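Heads up: the structure comes next, in structure tokens.
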Amino acid sequence: GTFVFIIPEEFAKTDVTKLKWYSQLPKNSILVTENGNNLHQLFLKSVNRKFNGEFPVIYVVNANNELIFFSEGYRIGLGDALLKTIKK
1191 GTFVFIIPEE FAKTDVTKLK WYSQLPKNSI LVTENGNNLH QLFLKSVNRK
1241 FNGEFPVIYV VNANNELIFF SEGYRIGLGD ALLKTIKK
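If you want it as structure tokens, here you go:
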């Protein structure tokens, strides 16, 4: 699969390839700069959720276009839960 990272438009002026975390992304990652949160709103609508203002928002969609993981905001254990879902 491919990891798609939606970057808020305020980062559009930043060369993210020079940021520390960029080199740690999976090789099959795509960075998308979003103007106006349209894609984010489309995702929320498709999973019948409302945004409560907490980033990061993480969606994992399988090959059948089924949402298999959703998370909003930072929480302890998020990375482990995400890895467990991806490995399934």
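Numbering (my numbering), first residue to last: 1191 to 1278. A virtual CB, placed ideally from N, CA and C, is assigned to each residue, including glycine. Everything numeric in this text was worked out from a predicted model, so none of it was measured.
Query, Result
"Give the DSSP-derived three-state secondary structure of Y1264 in the structure shown.", "coil"
"Apart from the five residues just before and just after L1209, which ones in its own chain have a Cβ nearer than 6 Å to its Cβ?", "none"
"Taking L1234 as the reference, give the member of Y1249, T1223, I1266, E1200 with the closest Cα.", "Y1249"
"Rounded to the nearest angstrom, how far is the Cβ of N1238 from that of E1199, given a contact under 8 Å?", "Rounded, the Cβ-Cβ distance is 25 Å, inconsistent with contact."
"In the DSSP assignment, find the unbroken alpha helix (DSSP H) run with L1234 in it and report its ends.", "1228-1236"
"In the DSSP assignment, what residue or residues form a beta bridge with F1259?", "V1250"
"For T1207, name the three-state secondary structure that DSSP assigns.", "helix"
"Do you know offhand how far L1268's Cα is from V1206's?", "23 Å"
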